[in-house]
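A.B. asks: Once you've had a glance at the structure underneath, I'll fire off some questions.
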Amino acid sequence: MRALMATSLLGAVACSTSSAAPARQITVAAAASLSGVFQQIGSAFERANPGVSVRFTFSSSNGLATQIQQGAPVDVFASAASRWLDAVAKDPGVIVRAPFARNRLIVIVPRDDPAHVTRLADLASKGVKLVLGAPGVPAGDYARQALTKAGLRAALKNVVSNEQDVEGAVAKVTSGDADAGIVYATDLTASVSSSVRVIEIPSAANVVAIYQIGIVRGTKAASLARAFLDYVLGPGQVALRAAGFSP
Amino acid sequence: MSARPSLPATVRVLAAIAIAAVALPLVALVARAPWSDIARLGETGPRTALLVSIEVSLAAAAVALVFGVPVALVLARTTFRGRSVVRSLALLPLVLPPVVAGVGLLAAFGRRGLIGRGLAAIGIRLPFTTTGAILASAFVATPLLILTVEAGVRALDRRKEEAAETLGGSKWYVLRRVTLPALAPSIVAGLVVAWARALGEFGATITFAGNLRGRTQTLPLAVFEAMQTDPGAAILMSLVLVALSLVALIALRGRFLAR
């Protein structure tokens, strides 16, 4: 009796999750730095393909890669670093992949610049409260590479928080609680730029973030996923340019 | 005692499912743990996170004790207009989403916060500090101590206190020598529950205090971070937290576990 009930309960759960939906919907896991522009691209894609819907999950690329490896039902993965698409390509696999955008880093400080950070080297000054993405988070890895290239590894001692995605680092600076953060140039949206000042990182020290998009093996919506990938590589490039991403 | 009332089978089955639902994730953690890597728990990351967790949770429990016991006494022993509002406020963190607590703490104690602005002017910064992590944990944990101690105060036999007062003991003397000793079991239980809650704090801490190894990265934060890239390490650290939770449960066995 108990076993019977348990079995039927499991059956009900299984049915509800595998309800054979026609492939009119895809789930796209995308780097947190893509959250603004990908929602625009998703809406445009839905308008261009009536009846189709795109669901997004935005987080750090490393977090998303791990979720996909743990079985998260994701059809398309857009990563801010090739490293994490490589990880998904290894397990569970990627059918098609392509680079689709590039980004670079900037330093942002609160508008009132409480720690007097006016150039990159100031990040290593004593007492500057610096926020970065955590190691593994692409924005965090890129920021550490940039500091190394600039000979400013001492600035790592000033890190007060390793944020779980780049948006976390942005938020700690816009709220005024951190003195500086290293984030993407594209994080400078209208609302962010009203509350921060920007310090450019010279190209010699800057890092080029190459974004890659891929279709996750095992997707039940391969053709729709392919259409979305093509859309990002095609018409979506306009929105990516407008958001500040380079080709 | 002798004749147990019989229960319908449905009740038993539902209870069994509930218990299995709690046991299964624990069994899964043990089953999926990369036991051959257990030595990795000794590495700097997990060890530091454990130390920060112990420091933060013990300090938060102490804060809960110092402020929670007076609140419990006031709620149980005094009547005043608006008491029920005050009581709701004191217990609000129990039901408040912890991340909201973190956002609220930032709004209050952040550098541009209501109080934080003044604190920053005199050089006190709470965000990104261990003190900030303690504040976040204490914020969410104190109501549990208040609830436990308040129930204890209400169950207290007042005759001893009345006798002490009649014999001329001052209010402070009666509180210290009669009331608090009689409350000791409730206070200890409240401390353990508050400590366990503080140990598990995540949302308010990461929002308010940030995530820095050795300063604000407690074990739950370390588990979350590891889960982004290294689920095996996350499972091992989770098991440490399970073990610590079991310690709390054992400490409470006289209270919550029937013989």
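Note that the protein sequences, when read in sequence, are chains Z and E.
Under the working numbering, think of the first position of the first sequence as 1, with each following residue one higher.
Under the working numbering, think of the first position of the second sequence as 1001, with each following residue one higher.
Every residue gets a Cβ at the ideal spot worked out from N, C-alpha and C, and that includes glycine.
Keep in mind the model is a prediction, meaning the values are calculated, not measured.
1) Would you report the Cα separation of arginine 1177(E) and serine 191(Z), rounded to the nearest angstrom?
2) Buried or exposed for serine 1036(E), please, with buried defined as at least 16 other CB atoms from any protein chain shown within 10 angstroms of its CB.
3) Using alpha carbons as the reference points, say which of Ala221(Z), Gly236(Z), Phe245(Z), Val232(Z) lies closest to arginine 24(Z).
4) If you draw a straight line from the C-alpha of glycine 218(Z) to the C-alpha of proline 92(Z), how long is it?
5) At what residue ranges does the segment 38-126 of chain Z contain a whole run of the alpha helix (DSSP H), taking only runs of 4 or more?
6) Could you give the first and the last residue of the continuous beta strand (DSSP E) run that contains valine 161(Z)?
7) What distance in whole Å lies between the Cβ atoms of glycine 214(Z) and arginine 97(Z), which are believed to be in contact at a cut-off of 8 Å?
8) Does the segment 144-152 of chain Z come within contact of the segment 161-168 of chain Z, defined as at least 3 CB pairs closer than 8 Å?
9) Mapping the DSSP letters down to three states, classify isoleucine 1187(E) as helix, strand or coil.
10) Taking 8 Å as the threshold (C-beta atoms), are proline 1127(E) and phenylalanine 1208(E) in contact?
11) Chain E partners of valine 159(Z), CB-CB under 7 Å?
12) Going by the DSSP bridge assignment, what does serine 246(Z) pair with across the sheet?
13) Measure the alpha-carbon distance for leucine 1180(E) versus alanine 1062(E) and round it to whole angstroms.
14) Along the beta strand (DSSP E) that carries threonine 27(Z), what are the first and last residues, could you check?
15) Are tyrosine 184(Z) and serine 61(Z) touching if we call contact CB-CB under 8 Å?
16) Over what stretch of residues does the alpha helix (DSSP H) that includes glycine 1045(E) continue unbroken?
17) Measure the C-alpha to C-alpha separation of valine 1174(E) and glycine 1168(E) and round it to an integer number of angstroms.
18) For leucine 1239(E) and chain Z, any beta-carbon pair shorter than 8 Å?
19) Can you tell me the Cβ-Cβ gap for valine 107(Z) and leucine 132(Z), rounded? I've got them flagged as a contact below 8 Å.
20) Quick one: does glutamine 212(Z) have its CB under 8 Å from some CB of chain E?
21) Report the option in Ala48(Z), Ala180(Z), Lys90(Z), Arg47(Z) whose CA atom is closest to the CA atom of isoleucine 68(Z).
22) For the segment 1018-1031 of chain E against the segment 1202-1217 of chain E, are there 3 or more C-beta pairs whose distance is under 8 Å?
23) Between arginine 1047(E) and alanine 1101(E), what straight-line distance do the alpha-carbon atoms span, to the nearest angstrom?
24) Going along chain Z in order, which residues have a C-beta closer than 7 Å to the C-beta of proline 1127(E)?
25) Rounded to whole angstroms, what is the Cα-Cα separation between glycine 234(Z) and leucine 224(Z)?
26) Using the three-state DSSP reduction, which class does serine 19(Z) fall into: helix, strand or coil?
27) Could you give the DSSP three-state label for glutamine 1267(E): helix, strand or coil?
28) Would you mind sorting glutamine 70(Z) into buried or exposed? The rule is 16 or more other CB atoms within 10 Å of its CB.
29) On the DSSP bridge list, what partners appear for tyrosine 184(Z)?
30) By the DSSP assignment, the beta strand (DSSP E) with glycine 133(Z) in it spans what residues?
31) Identify, in the order they occur along the chain, each residue of the same chain with its Cβ nearer than 6 Å to the Cβ of lysine 129(Z), setting aside the five sequence neighbours on each side.
32) Just curious, the beta strand (DSSP E) that isoleucine 1260(E) is in, first and last residue?
33) Along chain Z, which residues have their Cβ under 9 Å away from the Cβ of proline 1231(E)?
34) Using a Cβ-Cβ cutoff of 9 Å, what residues of the segment 1160-1178 of chain E are near chain Z? List them in chain order.
35) Give the residues of chain Z in contact with leucine 1106(E), contact being defined as C-beta atoms less than 7 Å apart.
C.D. replies: A quick look at the data gives this:
1) 59 Å
2) exposed
3) Ala221(Z)
4) 8 Å
5) 61-69, 82-90
6) Note that residue 161(Z) corresponds to serine in the displayed sequence, not to valine. First-last of the beta strand (DSSP E) with serine 161(Z): 159-163.
7) 4 Å
8) no
9) helix
10) yes
11) Leu1212
12) Arg102(Z)
13) 16 Å
14) 25-31
15) no
16) 1044-1077
17) 9 Å
18) no
19) About 11 Å separates the two Cβ atoms, so there is no contact after all.
20) no
21) Lys90(Z)
22) no
23) 27 Å
24) Asp177
25) 15 Å
26) The predicted position of serine 19(Z) is uncertain, since its pLDDT is 45 and thus under 50; no value can be drawn from it.
27) Since the first and last residues shown for chain E are 1001 and 1259, residue 1267(E) lies out of range.
28) exposed
29) Leu105(Z)
30) 130-133
31) Val160, Ala178, Asp179
32) Because chain E in this structure spans residues 1001 to 1259, residue 1260(E) falls outside the shown range and cannot be described.
33) Thr66, Gln69, Gln70
34) none
35) Ser175, Asp177
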